[in-house]
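**Student:** Pasting a structure below so you can have a look.
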Amino acid sequence: MDQSTIRNFSIIAHIDHGKSTLADRLLQATGTISERDMQEQVLDDMELEREKGVTIKASAVLMHYQARDGITYQLNLIDTPGHVDFTYEVSRALIACEGAILVVDATQGIEAQTLANLYLALEHDLEIVPVVNKIDLPSARPAEVAQEIEDLVGIDAADMLPVSAKEGTGVEALLEAIVARVPPPSGDPRAPLRALIFDSHYDAYKGVVAYVRVVDGALDTGKAIRLLATERQVEPLELGFFRPQMVPGERLLTGQVGYIATGFKTIRNVQVGDTLTLAEAVGVSPLPGYQPIKPMVFAGLYPTEGEDYTLLKDALEKLQLNDASLIYEPETSQALGFGFRAGFLGLFHMEIIQERLEREYGLEILATAPSVAYQVTTRDNRVVTIDSPAQLPDEATIESISEPWMRISIFTPATYIGPVMEMTTKRRAEFGQMEYLDEQRVRLEYLMPLSEMIVDFYDQLKSTTRGYASLDYHFDGYRQGDLVKLDVLVNNQPVDALSIIVHRDQAYYRGQRLVTRLKEAIPRQLFTVPIQAAVGKRVISRANVKALRKDVLAKCYGGDVTRKRKLLEKQKKGKRRMKMVGSVEVPQEAFMTVLKLGED
Amino acid sequence: MALYLHIPFCQARCSYCDFNTYVGLDHLYQPYVSALIQEGRLLAQQYSQPVGSLFLGGGTPTVLPIELLRQVLTTCFEIFVVEDSAEITSEANPGTVSLDYLQALRGLGVNRLSLGAQSFDEGELAMLERIHDVQHVGLTFERARAAGFDNLNLDLIYGLPGQTLTSWVHTLECALGLAPEHVSLYCLTLEEGTPMRDRVLAGRLPAPDPDLAADMYESAAECLASKGYRQYEISNWSLPGYECAHNLTYWRNRPYLGLGAGAHSWGVGLRWWNVRPVMAYIHRLMGARQTPWPSPAAEDGERISRLLEMGETLMLGLRLVYEGVAEADFHQRFGVSLEETYGDVIHELTGAGLLAWDQTRLCLSERGRLLGNQVFAKFLPS
């Protein structure tokens with residue numbers, strides 16, 4: 001096997017721009033998978049992915065392609081997660097490649113995340129093979145889109161390959177372009193083994209399976225391996241290639257992409273970006289760019305039925321088997337009982353986990369308002385990181401609070417500049433710059449606190465721009481802010497699960513909104529229930545839920561006792577689903593009201 | 601045992617009504633009555649306990665020609681053991697019954713008449729889509745007196761869309777001006793599928809204010825008490841000795857047999873109910889010679905466990921505001937005490953001021969009368 005016949009590449013594309021269909025076509029054209037076995041979109045194998053149209057987990061596949069020059073090439077397609085929370089994972093998948101196919105929809109033009117990923121690819125010197133897809137559509141404007149890409153990133157419009165993945169046109173030309181333009185891997189076969197882990201999954205029989213790209217050296221079966229960052233050592237059960245299912249092999253050579261079944265029981269041992277080497281090797285330097293997992297968004301997850309706690313625990317354990325970026329620990333809330341504090345890479349990650357818990361595990365869960373990690377400097381100069389308002393130290397001991405800020409980039413039709421400007425300003429964003437992509441579309445750049453983004457920002461952006469805007473964001477840095485904890489008291493008792501940390505300027509407005517919403521959400525009780533929002537000891541908003549005066553069925557008609565009883569049973573069942581805050585029955589929806597404060 | 605006979609016919613349907621009643625089925629009066637009699641004959645063989653009360657409800661029983669009611673009642677007297685002292689009630693609509701009709705009804709043994717007056721405000725009657733107007737109420741009431749009825753009830757509704765405290769007090773005063781022996785005050789429930797509920801949901805009628813309804817209830821209770829009426833049940837007041845025996849049977853959770861379309865029956869661990877449509881009911885009884893248990897007309901039913909029966913006994917019994925549920929009665933019936941069965945719940949509810957012990961009777965407190973559901977639900981098994 002000649003290293004010069006290996007081509008490693010990935011596909012950069014926006015959701016719906018046809019990445020999965022194109023991948024399917026490549027698999028078919030190379031005979032990797034027969035027409036008959038062709039399940040639509042082989043690479044996205046989770047139900048949720050298919051529904052959301054995004055790739056959550058990366059995957060890889062080895063294809064053999066006999067090019068026009070008569071040589072059979074090994075093509076490794078490394079799929080990248082298609083959304084913004086997984087930028088780090090994307091960057092690791094990209095550096096496992098020498099090239100990337102840039103897929104742009106001929107009817108839509110380039111989008112924010114695509115551009116961000118393209119920049120990542122360029123940063124790592126990947127050869128870009130640009131493709132204008134969906135040329136079969138009547139509304140396709142391939143020439144304009146090609147020009148837009150040339151203007152934006154300097155790729156010659158003439159190099160752009162016209163493709164219709166749907167109809168299969170241009171796929172052959174694309175394969176030839178990959179062979180011709182993407183350079184072969186340049187690693188040193190005689191150097192000690194260094195393999196980059198760019199993904200992993202958990203297999204009940206094989207333990208954690210590491211997806212690797214061999215950078216230098218080679219790995220034979222039976223050799224013990226070592227992971228540099230986690231300092232773990234193990235004798236792998238198996239190694240092999242993705243065809244696309246796992247097929248065992250004897251050796252992984254320099255430049256090749258394959259898998260190593262480690263036998264590890266926990267995915268934490270196999271971190272994306274880590275370097276894998278031989279156990280016996282000494283003085284091997286790690287591949288650059290490794291970062292430990294760093295969750296950005298945190299929320300409490302509670303079962304709506306208290307008795308489901310163990311089921312939730314099991315479900316989180318199972319999800320974590322395949323998702324090293326999900327972290328959680330037990331948390332107890334006075335209002336919500338036993339649950340977990342979970343950390344996520346971002347808001348989409350959080351949303352996906354919540355959906356999977358509900359859909360795949362059939363759990364009803366209550367998620368508290370998401371929080372970011374704040375850095376609190378105390379008067380005695382200690383810095384504590386907190387990820388929940390409940391952990392905030394006493395006000396008197398706080399010197400300052402810092403919060404994470406993000407660099408965000410929004411692509412939108414120019415007609416929506418005004419509304420986008422308005423909504424970002426309301427969320428404390430600082431305007432950076434504006435750039436016209438073409439006559440109709442602009443890119444807006446802002447710095448914005450992450451805390452302002454985690455409640456409803458993306459949905460609002462989408463509705464403000466009728467679904468046209470796309471968003472990309474990256475961590476910028478921590479900045480000190482005038483932040484305060486907004487407490488909510490129900491019947492004079494603070495409700496931990498409703499506390500939020502807000503900027504002082506917004507405390508009054510948010511407090512008022514929170515109180516109004518809660519007043520609507522909390523049903524009348526047997527006594528008057530005061531609801532207050534307070535910053536420290538100062539109450540900034542207050543409303544009363546008036547006492548219930550009348551709740552009695554008027555008539556028992558003609559002895560229909562069953563119906564009457566059923567009504568009462570229904571009422572009783574409704575009550576059981578409520579959470580007790582002191583002696584006040586609070587419906588689960590009330591805890592969601594904080595999540596909706598970002599609206600209007 | 602109490603005997604209920606359902607007459608599922610009306611001249612017109614009222615906008616708030618979700619009872620099992622039908623308009624325009626005049627041609628089914630005779631077949632229905634025959635079926636009703638047939639059901640009675642079949643069930644009387646098994647339910648031979650003495651009948652302490654008989655209630656003709658509906659619908660509007662008095663839409664039937666008097667001859668048909670005669671068939672129904674004479675058959676009942678023939679096949680059931682109706683006690684001499686039995687309370688025999690018929691419901692009637694103001695403005696639809698003549699003096700002759702009422703006299704005939706009295707002559708058939710009916711000794712109590714319940715008139716659906718509902719309101720003494722023309723606008724409210726129109727909104728309710730009643731077929732009578734205010735003056736009919738007094739007229740029919742006086743006719744009933746003339747026909748020899750000395751036990752009369754008036755039904756009134758409060759908590760109506762747009763109703764004011766003033767109009768309610770006016771209605772109540774007009775009603776009491778007629779000096780009935782009994783009044784039932786029902787708070788309007790917007791029932792699923794009724795035109796009135798649809799109108800409220802569509803915003804074409806103002807939504808009733810539950811707090812105002814509570815004010816109406818309290819002012820009515822005060823007014824009735826001052827006129828010598830005793831509130832014996834959450835929605836019912838009477839002069840002493842005129843409590844409705846039939847309804848007391850329901851609230852004491854004692855057995856009753858219901859005949860007719862959609863009628864409910866209860867006794868010995870079983871509650872069942874008949875099919876609701878008139879034609880379905882008639883078909884079930886046509887040619888029925890023997891009783892598929894529990895009735896040829898039964899649509900469905902439920903077994904009531906002892907625990908559920910205890911809960912229902914409290915759910916119903918506590919509606920009787922003075923009588924409540926007596927410890928001794930409960931113990932005699934179930935062999936356990938209230939205290940040992942519901943100690944915690946009772947403690948919680950007395951603590952919340954919704955329940956109180958009147959010596960050995962457990963009763964709703966004054967405040968609890970308006971919050972009955974909060975109390976009843978606690979006694980039902982989870």
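Protein chains in written order, with this note's numbering: chain A, 1 to 600; chain B, 601 to 982.
Yeah, the Cβ is synthetic: ideal placement off N, Cα and C, and Gly gets one too.
All values derive from a computational prediction rather than experimental measurement.
#1: Strictly below 7 Å CB to CB, what residues from chain B border alanine 554 of chain A?
#2: Name the chain A residues that come within less than 8 Å of tryptophan 866 of chain B, Cβ to Cβ?
#3: I'd like to know whether the C-beta of glutamate 238 of chain A is nearer than 8 Å to at least one C-beta of chain B.
#4: Considering only the beta carbon of each residue, do histidine 14 of chain A and aspartate 105 of chain A sit closer than 8 Å?
#5: Expressed to the nearest angstrom, what Euclidean distance is found between the alpha-carbon atoms of arginine 479 of chain A and isoleucine 135 of chain A?
#6: Whole angstroms are fine: how far does the CA of histidine 864 of chain B sit from the CA of aspartate 560 of chain A?
#7: For arginine 379 of chain A, count the other beta carbons within 10 Å of its own beta carbon; 16 or more makes it buried, fewer makes it exposed. Which is it?
#8: Return the chain-ordered list of same chain residues with a C-beta closer than 8 Å to the C-beta of leucine 765 of chain B, the five sequence neighbours on each side being excluded.
#9: Rounded to a whole number of angstroms, what is the C-alpha to C-alpha distance between valine 420 of chain A and aspartate 438 of chain A?
#10: Looking at C-alpha atoms only, which residue of A:Leu253, A:Met246, A:Leu326, A:Gly249 is the closest neighbour of arginine 268 of chain A?
#11: Taking the C-alpha atoms as reference points, what is the distance between leucine 772 of chain B and leucine 918 of chain B?
#12: DSSP three-state label for alanine 640 of chain B, please.
#13: Taking only beta carbons into account, state which residues of the region 797-816 of chain B come closer than 8 Å to chain A, listed in chain order.
#14: Using only the alpha-carbon positions, how far apart do glutamate 520 of chain A and methionine 886 of chain B sit?
#15: With burial defined as no fewer than 16 other Cβ atoms inside 10 Å of the residue's Cβ, what is the status of isoleucine 12 of chain A: buried or exposed?
#16: Residues bridged to valine 800 of chain B by DSSP?
#17: Among A:Gln460, A:Asp387, A:Asn381, which residue has its Cα nearest to the Cα of threonine 397 of chain A?
#18: If the cut is a Cβ gap below 9 Å, which residues of chain B does lysine 579 of chain A touch?
#19: Mind checking lysine 537 of chain A: buried by the 16 CB within 10 Å criterion, or exposed?
#20: Short check: CB of histidine 17 of chain A to CB of glutamine 108 of chain A, under 8 Å?
#21: At 4 residues or longer, what runs of the alpha helix (DSSP H) sit wholly inside the region 737-802 of chain B?
#22: Do you know how far the Cα of methionine 350 of chain A is from the Cα of glycine 950 of chain B?
#23: Pull up the CB-CB distance for isoleucine 78 of chain A and serine 10 of chain A, whole angstroms please, since I reckon it's below 8 Å.
#24: Name the DSSP bridge partner or partners of asparagine 634 of chain A?
#25: May I ask which residues mark the beginning and end of the alpha helix (DSSP H) holding asparagine 322 of chain A?
#26: Under three-state DSSP, which class holds isoleucine 101 of chain A?
#27: Please list, in chain order, the chain B residues whose beta carbon lies closer than 8 Å to that of aspartate 79 of chain A.
#28: With 16 other CB atoms within 10 Å as the buried threshold, where does alanine 612 of chain B fall?
#29: Quick check: the Cα distance between isoleucine 197 of chain A and valine 515 of chain A, rounded to an integer number of angstroms?
#30: Are the C-beta atoms of glutamine 571 of chain A and some chain B residue less than 8 Å apart?
#31: Which one or two residues does DSSP pair with glutamine 74 of chain A in a beta bridge?
#32: Per DSSP, glycine 481 of chain A forms a beta bridge with which residues?
#33: Regarding glutamate 307 of chain A and the ligand ADP, is the C-beta to nearest heavy atom distance less than 7 Å?
#34: Any contact between the region 238-258 of chain A and the region 275-293 of chain A? By contact I mean 3 or more CB pairs, one from each, below 8 Å.
#35: With a cut-off of 8 Å on the beta carbons, I'd call histidine 846 of chain B and glutamate 683 of chain B a contact; round off their distance for me.
#36: Does any residue of chain A have a CB that is nearer than 8 Å to the CB of leucine 636 of chain B?
**Tutor:** Reading it off the structure:
#1: Taking a Cβ-Cβ cut-off of 7 Å, the neighbours of alanine 554 of chain A in chain B comprise Tyr786, Cys787, Thr789, Ser835, given in sequence order.
#2: Correct list: Gly559, Val561.
#3: Closer than 8 Å: no.
#4: Between histidine 14 of chain A and aspartate 105 of chain A, the CB-CB gap stays under 8 Å.
#5: Rounded to whole angstroms, arginine 479 of chain A to isoleucine 135 of chain A spans 46 Å at the Cα level.
#6: Roughly 6 Å between the two C-alpha positions.
#7: Exposed, by the Cβ-count rule.
#8: The residues are Leu812, Asp815, Met816, Ser819.
#9: C-alpha separation (whole angstroms): 18 Å.
#10: Closest in alpha carbon position to arginine 268 of chain A, among A:Leu253, A:Met246, A:Leu326, A:Gly249, is A:Leu326.
#11: For the pair leucine 772 of chain B and leucine 918 of chain B, the Cα-to-Cα distance works out to about 25 Å.
#12: Just to set this straight, residue 640 of chain B is glycine in the shown sequence, not alanine. Note: glycine 640 of chain B maps to helix in three-state DSSP.
#13: Flagged, chain order: Pro810, Asp811, Ala813, Ala814.
#14: Each residue's Cα considered, the two are about 55 Å apart.
#15: So isoleucine 12 of chain A counts as buried.
#16: Valine 800 of chain B is not bridged to any residue.
#17: That would be A:Asn381, whose Cα lies nearest to the Cα of threonine 397 of chain A.
#18: In chain order: nothing, as chain B lies at least about 17 Å away.
#19: With fewer than 16 Cβ atoms within 10 Å of its Cβ, lysine 537 of chain A is classed as exposed.
#20: Cβ atoms of histidine 17 of chain A and glutamine 108 of chain A: closer than 8 Å.
#21: Here the runs fully enclosed are 765-777, 795-801.
#22: First, the residue type needs correcting, since residue 950 of chain B is threonine and not glycine in the sequence shown. Their Cα atoms are separated by approximately 46 Å.
#23: Confirmed, Cβ separation roughly 5 Å.
#24: Here chain A has residues from 1 to 600 only, and residue 634 of chain A is not among them.
#25: Boundaries of the alpha helix (DSSP H) around asparagine 322 of chain A: 309-322.
#26: DSSP, reduced to helix, strand and coil, places isoleucine 101 of chain A within a strand of the structure shown.
#27: Those within 8 Å of aspartate 79 of chain A in chain B number zero; the least Cβ separation is about 51 Å.
#28: Exposed is the call here.
#29: So the two alpha carbons sit approximately 49 Å from each other.
#30: Taking a beta-carbon distance threshold of 8 Å, glutamine 571 of chain A counts as an interface residue toward chain B.
#31: DSSP, once it has assigned bridges, lists A:Ile6, A:His64 as partnering glutamine 74 of chain A.
#32: When DSSP reads this structure, glycine 481 of chain A sits in a beta bridge with A:Ile401.
#33: Absence of the ligand ADP is noted for the structure shown, with no ligands found whatsoever.
#34: Pairwise C-beta distances place the region 238-258 of chain A out of contact with the region 275-293 of chain A, as fewer than three of them are shorter than 8 Å.
#35: 13 Å between Cβ atoms; not a contact.
#36: Leucine 636 of chain B does not count as touching chain A.
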